[in-house]
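For the sequence shown, our numbering gives the first residue as 8, with consecutive numbering after it. Presented below is the structure to which this report refers.
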Amino acid sequence: MPDGSLRHETDLIVDRGIEFMKQQPKDQPFALNLWFNACHAEDGDRRPGIGQYAWPQSTDGLYEDQEMYRPRLDDPAIFEALPDFFKTSITRERYFWRWNTPEKYQTNMRAYLRQVTGIDNAIGRFLQALEAAGLAENTLIVYSADNGYHMANRGLAGKWSHFEESLRVPLIIADPRVEKAQRGKVSTAMALNLDLPATFLDYAAVPVPENYQGRSLKPVLTAATPADWRTETFHEHFAVRNRIPPYEGLRTERFKYARYLDHDHEFLHDLQSDPDELKNLAADPAHAATLKQMRERTDELVAQYGGPLPPRQGDFQKSTDPHPVASAAVGSKPDADGFVNLLNGRNLNGWDGDPQYWSFKDGALTGVTDGSLKMNRFITWTGSTIRNFDLRVKVKVTAGGNSGLQYRGTSRPDLGLDIVTGYQCDVVADNPGYNGMLYEERGRRILSHTGEKVIVAPDGQPWIIGQMEVRQFAADEWHDYRVLVRGNHHQHWIDGHPTADLIDFDEKDRALEGVLAVQVHVGPAMTIQYKDFKIKHLPDGLPLLKPEDHPIPAGSPGVKPQGKLPKDWRPPVFGRK
């Protein structure tokens with residue numbers, strides 16, 4: 008907003024709608040469309056929750072304590088039964104952006120429902136304004152959507168299929184002038200978005216042009232469904248056909264037919280006996296007559312609506328493997344060594360942070376503070392979450408500076424839109440005991456100081472099981488930082504020298520996946536720069552090390568915790584009570 012404050016676009020849309028409505032003469036008709044971008048996902052920002060489904064401030068915290076149940080059609084066998092072109096298309100690719108892990112699913116579903124509630128609140132606010140303006144009893148209100156949505160059902164995401172969850176949308180029409188007997192009615196009449204223009208014209212007493220494909224819904228709303236109402240609907244999708252399988256087909260009250268044109272594949276579903284569309288009857292001899300009838304009727308409608316689709320230009324491009332080795336790598340373009348560049352060399356596209364602190368300068372991601380920070384600030388990579396990986400980056404920090412590489416982190420919009428918690432490889436200019444150590448932001452804090460080989464026990468206590476040489480690395484010079492994480496084994500290096508080596512057996516508080524970010528820290532004025540930033544995504548299925556295979560030696564001291572300690576503090580010793 009002009010004053011620097013934030014307001015969600017859902018609320019802005021309704022703000023402007025209310026302002027528009029107030030400007031209309033009460034004795035004149037008006038038409039107003041409020042098109043909400045929610046609940047669309049932000050495809051370019053794959054941070055769970057705040058990135059994929061950014062919600063209005065009015066719904067902060069909602070559903071946080073509620074478990075989000077997986078969809079009914081989540082059985083992996085349902086996905087495996089799909090044809091190959093589904094398994095490698097965008098709908099599968101985006102599944103790995105949003106739904107493939109329990110953590111992503113819980114976070115994104117809660118965020119999605121906050122978006123839904125935000126729309127609900129905004130519509131309620133508009134209806135109250137309509138009533139206050141004295142227009143509520145003479146205004147027709149229509150609520151609908153432009154497409155359905157796969158939300159992990161069938162192992163898919165997005166909207167591009169013939170299945171019911173993709174094809175069907177809500178349609179709610181409220182007319183305060185309708186007789187009481189007709190209010191609250193649920194109609195089984197087939198309605199299309201094509202019907203809305205004709206409906207609005209009909210209510211406005213304007214003749215509907217003969218070439219309109221849709222029909223007015225007014226008779227359905229005010230009386231019984233007309234005897235000549237449609238008994239079939241035609242559907243097609245042809246966009247981006249080199250990555251989204253194009254189809255066309257027909258739906259009746261009982262059957263649905265779809266043919267995927269570039270893949271020579273047909274579906275026939277009996278919606279009465281199989282409403283979940285799990286059985287494809289296209290090859291069933293008992294339904295050959297129905298298949299022939301619906302195929303021919305589709306041919307007729309295709310001819311009527313512009314003719315067959317021309318041949319595809321170029322090959323169909325798979326967007327993902329059905330079961331990628333590293334789901335974080337889906338959609339990325341690694342180099343010959345398997346690394347993905349995280350900076351484009353021009354700007355900070357692909358990163359999200361406050362430009363007050365972050366910029367792209369001299370070929371590097373650059374963070375600057377003036378010493379007045381009250382809270383650490385972060386910039387987060389939006390390309391994907393990260394799980395197992397090998398991260399390489401050159402880092403330069405000014406004297407007195409303090410920064411860190413956050414990994415497997417969690418976005419915390421409850422604390423600030425740019426705030427991230429989680430594991431951190433520290434970047435500290437003037438403290439060799441901290442530089443390169445493993446810290447957990449707003450969590451367990453110091454897990455290992457620089458030079459300590461550590462095992463975090465299942466109860467969360469970190470124990471020092473070995474030592475490595477601690478070296479000084481000069482400020483204001485470029486240094487090569489490396490973070491290698493495989494399962495629950497974390498290793499850090501600076502200029503090839505090991506600084507941290509930790510195994511995390513704390514199942515309650517450890518993270519196995521999360522976002523990647525870097526920070527500027529409270530404290531003295533500083534400049535931090537990162538360049539040649541690259542990551543290699545390692546297989547998701549790398550095994551977790553087990554406590555029984557890595558016992559903590561008796562006599563191992565505990566890691567010194569952060570904070571003010573008693574003068575007589577002594578580290579606990581493993582094996583001693």
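Even for Gly, the Cβ is constructed at its ideal location relative to N, Cα and C.
{"query": "Beta bridge counterpart(s) of Gly-256 as assigned by DSSP", "result": "His-242, Ala-265"}
{"query": "Secondary structure of Gly-24, DSSP reduced to three states", "result": "helix"}
{"query": "Given Gln-479 as reference, the closest of Pro-465, Gly-582, Ile-501 once Cα atoms are compared", "result": "Ile-501"}
{"query": "Reference Gly-582; option with closest CA among Val-566, Gly-562, Pro-573, Trp-576", "result": "Gly-562"}
{"query": "Alpha-carbon spacing of Val-337 relative to Gln-73, whole angstroms", "result": "30 Å"}
{"query": "Beta-carbon proximity of Ser-379 to Thr-373, cut-off 9 Å", "result": "no"}
{"query": "Stretch pair the region 396-415 + the region 466-477: three plus CB contacts closer than 8 Å", "result": "no"}
{"query": "Ile-148 versus Ser-168: straight-line alpha-carbon distance, rounded", "result": "29 Å"}
{"query": "Neighbour-count burial assignment, Asp-382, 16 or more Cβ in a 10 Å radius", "result": "Asp is not the amino acid found at residue 382; the sequence shown has Met there. Exposed."}
{"query": "Buried versus exposed, by CB contacts within 10 Å (16 or more), Glu-87", "result": "exposed"}
{"query": "Assigned secondary structure, Gly-407 (DSSP; H/G/I helix, E/B strand, else coil)", "result": "coil"}
{"query": "Which residues DSSP lists as bridging Ser-455, in chain order", "result": "Leu-445"}
{"query": "Cut-off 7 Å between Cβ atoms - residues of its own chain near Pro-36, not counting five sequence neighbours on either side", "result": "Ala-211"}
{"query": "Own chain, CB closer than 8 Å to Gly-352, minus 5 neighbours either side, in chain order", "result": "Gly-370"}
{"query": "The region 241-254 / the region 269-287 touching (three or more Cβ pairs under 8 Å)", "result": "yes"}
{"query": "Three or more C-beta pairs below 8 Å linking the region 290-310 and the region 252-266", "result": "yes"}
{"query": "Where the alpha helix (DSSP H) containing Trp-104 begins and where it ends", "result": "97-105"}
{"query": "Bridge-paired residues (DSSP) for Arg-384", "result": "Val-527"}
{"query": "Beta-carbon proximity list for Arg-237, same chain, < 6 Å, skipping 5 on both sides", "result": "Met-197"}
{"query": "DSSP beta-bridge partners of Tyr-430", "result": "Tyr-414, Glu-447"}
{"query": "Cβ distance (whole Å) where Val-3 is taken to contact Gly-416 below 8 Å", "result": "Residue 3 falls outside the range modelled here, since the chain spans only 8 to 584, and no answer is possible."}
{"query": "Member of Phe-346, Asn-200, Ser-194 whose CA lies at the smallest distance from the CA of Arg-150", "result": "Note on residue identity: the sequence assigns Tyr, not Arg, to residue 150. Comparing Cα-Cα distances from Tyr-150 to each of Phe-346, Asn-200, Ser-194, the minimum goes to Asn-200."}
{"query": "Member of Pro-183, His-486, Thr-457, Tyr-488 whose CA lies at the smallest distance from the CA of Gly-473", "result": "Thr-457"}
{"query": "For Tyr-264 and Val-193, the rounded distance between their alpha carbons", "result": "25 Å"}
{"query": "Rounded separation between Gly-296 and Ala-289 - CA only", "result": "One point to set straight first is that residue 296 is Ala, not Gly, in the sequence displayed. About 10 Å."}
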